[in-house]
Structures are given as C-alpha cells and as structure tokens.
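Data block below; observations after.
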Amino acid sequence: MIGILDSGVGGLSVLREVRALIPTAEISYVGDSAFCPYGTKSTAELRNRIGTVVESLLAQGARVIVLACNSATIQAVHWCREQWPQVPFVGMEPGVKPAVAATRTKVIGVLATEASLTGDMFQDLVSKHSQDCQILTRACPKFVELVEEGLLEGESVEVAVREYGQPLVDAGADVLVLGCTHYPFLKNAIAQILPNTVLIDTGPAVARRVHDVLAHIENEQRETAQLTIFTSGPPETMTKLLKKLLPEIEGTVQHLPLSS
Ligand code: DGL
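Residue numbers (this note's numbering): 1 to 260.
Following this line, the structure appears as structure tokens:
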C-alpha cells in the first residue's frame with residue numbers, strides 16, 4: 001500500500017498522477033486539514049505533526065510513504081528517513097532543474113510556501129541547479145487558502161495570481177515553478193492570467209519515482225486499487241473538495257483523529 005500525505009487537498013494533485021501511472025495500487029491518502037497550512041509552521045512543529053501522520057500510515061500497512069508536499073519534504077524528509085530507516089520515503093521539491101531547462105530568458109519564478117523557500121534543502125537545490133539563471137521566489141499563502149476552499153477561478157483567484165505572479169513576469173520570468181502541491185489546481189487560471197509562461201509541476205515525476213520504488217519492493221499480489229482518503233478535518237468538506245478537484249476519482253473519505 002502506498003501512503004500519501006499532505007496538509008490538506010494539495011497532495012491530491014500528486015495522487016492523481018500516481019493513480020494515472022499505477023492504476024492497480026492500493027492507496028491511503030491523509031489530508032491533514034486540521035493542521036493546514038503546513039507552509040507557515042516551524043520545522044519542529046512540522047516534524048512532530050508529520051511524524052504522527054507517518055505513524056498512522058505505517059500502522060495502516062503503508063510500504064512506501066509519499067510526502068506529497070514540498071514544505072513537508074523540505075522541512076522533514078531527512079528527519080523521516082532517520083526516524084524510519086526501513087521505510088522508503090518519496091519526497092518532492094520545487095522543479096528548479098526542469099525550469100532551468102525550459103527558460104529562455106534565464107529568469108525563473110518559484111512559487112512556493114514560506115516553509116519551502118526558507119528551508120536549507122531549497123537553498124541547496126538552487127545552488128546545485130540554477131546554473132546562470134536568476135531565481136526569483138514568492139511565497140503564495142492565498143493559493144493554499146483558495147484551493148482549500150475549492151476556489152479555482154474567479155475574481156479572488158485572479159487577484160492572487162496577479163499579486164504573486166505578475167511581479168515575477170514583469171521581472172523577466174518566462175517559467176514559473178508550481179512549488180507547492182496545491183498550486184497545480186490553479187494551473188488553468190495561472191496559464192490564462194499569465195499567458196506566455198511555462199508552468200512546471202513535479203507531480204508526474206513524483207509518480208514515476210513512486211513507480212520505481214514499488215518495483216523494488218517485493219510484490220505481495222495485493223493490488224486491489226482500493227483508495228481510502230482520510231482527513232483530520234471534517235469529512236464532509238473533504239468529500240466536497242474531492243468531487244470538485246478530482247471528479248474522475250471515486251474514493252471514500254473518512255475522519256482520522258490525530259492526537260498532536
Ligand atoms: N501542499 C503543501 C506544499 O506542497 C503545503 C501547503 C500548505 O499547507 O501550506 O508545500
């Protein structure tokens with residue numbers, strides 16, 4: 001079973017890619033809505049909380065854990081690997097490397113959370129891959145709020161996209177990295193409001209990585225394609241959002257009480 005976690009519904013953009021690539025996999029998804037957003041929390045708070053979610057997924061039988069959240073990865077993936085050395089963790093980082101390959105202006109805008117942009121792992125990523133490109137960053141807390149409310153278009157979305165994205169485009173960015181798993185749900189709106197920008201989403205690459213990791217785990221022939229979605233918040237809210245964000249996916253939503 002693959003365990004996937006995020007602060008809320010953002011990781012569903014990764015779940016969608018994993019389902020498309022590995023349709024037979026059994027998946028348990030935890031949206032930690034009661035603790036959302038992750039992007040404004042401290043490293044200690046995030047590790048403590050993510051540790052609780054990981055424990056819960058392992059107790060359910062997860063053999064691989066996907067941190068479908070850039071903030072969780074940047075602040076906690078190394079720590080998770082130390083705590084559970086026997087568990088394969090798949091994390092995700094803003095797609096700086098593909099952005100460098102795609103830019104013509106050599107100016108790249110990275111949209112992500114505060115927790116991601118201030119993390120050492122992000123700084124290392126930039127030093128390693130930016131080459132001769134200028135990397136501009138922008139924290140976008142309103143994007144997470146909008147997606148958690150199921151608002152993917154309309155005036156409030158346009159105002160937020162202009163506030164966060166326009167200054168980067170005005171500064172020459174022709175590629176924008178969607179460095180938070182909530183943002184791909186705003187991709188159509190961003191593409192419409194900021195045309196002529198290439199938008200980078202690392203969800204498909206994460207799904208390929210999960211596929212490779214699974215290939216190294218012995219096959220127990222338990223491929224049931226069962227999908228269970230847990231939320232630490234109200235299940236009705238998650239059910240409604242699931243219908244809106246992933247109408248093609250049918251899964252049951254259950255409440256998961258988390259103690260810390
Ligand atoms: N979706 C998460 C990420 O990729 C976190 C968003 C948040 O909760 O602030 O960073």
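Ideal Cβ placement from N, Cα and C applies to all residues, glycine included.
Taking residue i as the reference, which of the options has the closest Cα?
i, options, result
"E153", "T24, Q192, I4", "Q192"
"V177", "S42, G165, D120", "G165"
"A59", "M1, S71, A20", "M1"
"R138", "E145, V144, G109", "G109"
"V175", "V54, A189, P195, F185", "P195"
"A20", "I249, R104, H78, K243", "I249"
"V9", "S56, I217, E148, L186", "E148"
Once you ignore the five residues that flank residue i on each side, which residues in its own chain have a CB closer than 6 Å to its CB?
i, result
"L227", "I27, G251"
"Q75", "T43, L46, A115, G119"
"Q134", "V107"
"A34", "S232, G233"
Excluding five sequence neighbours on each side, which residues of the same chain lie with their C-beta closer than 8 Å to the C-beta of residue i?
i, result
"H129", "V96, K97, V100"
"N70", "M92, E93, P94, A112, T113, S116, G179, C180, T181"
Hey, is residue i close to the ligand DGL, as in C-beta under 6 Å from one of its heavy atoms?
i, result
"H182", "yes"
"P37", "yes"
"S259", "no"
"C140", "no"
"N70", "yes"
"S344", "The structure shown does not extend to residue 344, since the chain is modelled only from 1 through 260, so no value can be given for it."
"V144", "yes"
"D6", "yes"
Among residues of its own chain, excluding the 5 on either side of residue i, which ones have a beta-carbon nearer than 7 Å to its beta-carbon?
i, result
"V213", "V64, P88, V90"
In chain order, which beta strand (DSSP E) runs of at least 3 residues are fully inside the region 202-258?
DSSP runs (the beta strand (DSSP E)) wholly in the region 202-258: 227-231, 252-255.
Go through the region 93-141 residue by residue and report every complete run of the alpha helix (DSSP H) that reaches 4 residues or more, in order.
Residue ranges of uninterrupted alpha helix (DSSP H) with 4 or more members, entirely inside the region 93-141 and ordered along the chain, are 96-102, 114-117, 120-129.
Taking 8 Å as the threshold, find out whether the region 231-248 comes into contact with the region 199-216 through three or more Cβ pairs.
Flag = no, the region 231-248 and the region 199-216 do not touch.
In chain order, what are the residue ranges of uninterrupted beta strand (DSSP E) at least 3 long that sit wholly in the region 133-188?
Secondary structure in the region 133-188: the beta strand (DSSP E) runs of 3 residues or longer, each lying completely within the stretch, are 134-139, 175-178 in chain order.
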